[in-house]
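Okay, so here's the structure we're looking at.
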Amino acid sequence: MSRDISDGRKKLLEALSEAGRDNSNAAVMYHTAMGERIGLGMTEEKALDLLQRLGPLTAGEVSQHTGLAPASVSGLIDRLERKWLVRRVRDPKDRRRVIVEINFERLAGFAELFEPLVRGLSELYERYTDEELAVILDFLTRATAVQRSATAELTTES
Numbered sequence: 001m002s003r004d005i006s007d008g009r010k011k012l013l014e015a016l017s018e019a020g021r022d023n024s025n026a027a028v029m030y031h032t033a034m035g036e037r038i039g040l041g042m043t044e045e046k047a048l049d050l051l052q053r054l055g056p057l058t059a060g061e062v063s064q065h066t067g068l069a070p071a072s073v074s075g076l077i078d079r080l081e082r083k084w085l086v087r088r089v090r091d092p093k094d095r096r097r098v099i100v101e102i103n104f105e106r107l108a109g110f111a112e113l114f115e116p117l118v119r120g121l122s123e124l125y126e127r128y129t130d131e132e133l134a135v136i137l138d139f140l141t142r143a144t145a146v147q148r149s150a151t152a153e154l155t156t157e158s
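Okay, so the sequence shown: first residue is 1 according to the UniProt record's numbering, each after it adds one.
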């Protein structure tokens with residue numbers, strides 16, 4: 001189905017695409033630099049972020065939340081465990097299940113490295129109304145779902 005797009009909308013969509021790519025590149029470079037600073041790969045750093053936000057998870061749950069293949073997640077957890085950043089523990093409710101939890105003592109001091117970014121984003125949020133923030137939140141939530149789906153497709157293709 002072909003749809004005529006106005007020149008203004010076409011330019012806006014191109015600018016949005018370019019801004020999204022710029023944002024993605026900036027995020028990758030930021031997390032690469034942060035990873036180098038704290039001695040982690042970007043995937044390791046983001047897995048720790050996931051565990052901090054969601055709490056202890058099984059390897060399967062990490063796979064679900066990241067879109068990474070189970071074999072990739074096992075290797076990721078192995079690397080984090082070797083660095084003493086996480087530990088595998090038996091689920092107290094079901095001893096057959098193994099969950100991955102953060103070793104918070106080892107992460108002491110990491111949060112202060114993120115403070116300039118957190119402060120800058122907080123200042124940016126102040127520029128927007130609640131209604132505008134709701135639209136931005138909706139877009140980010142939907143764009144994240146699209147990206148997770150694309151990640152899952154990449155990791156399940158043979």
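The beta-carbon is built from N, C-alpha and C at its ideal position, and this holds for glycine as well.
Measure the alpha-carbon distance for residue i versus residue j and round it to whole angstroms.
| i | j | result |
| --- | --- | --- |
| Ala134 | Ser122 | 15 Å |
| Leu40 | Lys46 | 10 Å |
| Val86 | Arg9 | 47 Å |
| Glu132 | Arg95 | 47 Å |
| Leu113 | Gly35 | 11 Å |
| Met29 | Asn23 | 10 Å |
| Pro92 | Leu50 | 21 Å |
| Leu107 | Asp130 | 34 Å |
| His65 | Thr155 | 13 Å |
| Leu57 | Thr141 | 21 Å |
| Ala19 | Val89 | 42 Å |
| Met1 | Ala150 | Residue placement at Met1 is flagged as unreliable, the pLDDT there being 43, under the threshold of 50; the coordinate-derived value follows with that caveat. Using only the alpha carbons, I get a separation of about 23 Å. |
| Arg127 | Gly120 | 12 Å |
| Ser17 | Leu80 | 34 Å |
| residue 226 | Arg82 | Here the chain covers residues 1 to 158 and nothing more, so residue 226 does not appear. |
| Val48 | Ala111 | The amino acid occupying residue 48 in the given sequence is Leu; Val does not appear at that position. The straight-line gap from Cα to Cα measures roughly 12 Å. |
| Ala143 | Arg21 | 12 Å |
Within 10 Å of its beta-carbon, does residue i have 16 or more other beta-carbons around it, so buried, or fewer, so exposed?
| i | result |
| --- | --- |
| Leu76 | buried |
| Leu12 | exposed |
| Leu124 | exposed |
| Glu44 | buried |
Residues in the same chain with beta-carbon distance under 8 Å from residue i, minus the five sequence neighbours each way, listed in chain order, please.
| i | result |
| --- | --- |
| Ala152 | Gly67 |
| Ala59 | Pro70, Val73, Ser74, Ile77, Val98, Val100 |
| residue 164 | Since the displayed the chain opens at 1 and closes at 158, residue 164 lies outside it and no answer follows. |
| Gln147 | none |
Within its chain, find whatever has a CB closer than 7 Å to the CB of residue i; leave out the 5 residues flanking it on each side and keep chain order.
| i | result |
| --- | --- |
| Gln52 | Ile102 |
| Gly55 | none |
| Phe104 | none |
By Cβ distance, which residues of its chain are closer than 6 Å to residue i, with the 5 residues on each side in sequence left out?
| i | result |
| --- | --- |
| Val62 | Val73 |
| Ala145 | none |
Ordered list of alpha helix (DSSP H) runs contained in the UniProt domain "HTH marR-type" (9-145), each at least 4 residues
42-54, 59-66, 70-82, 110-125
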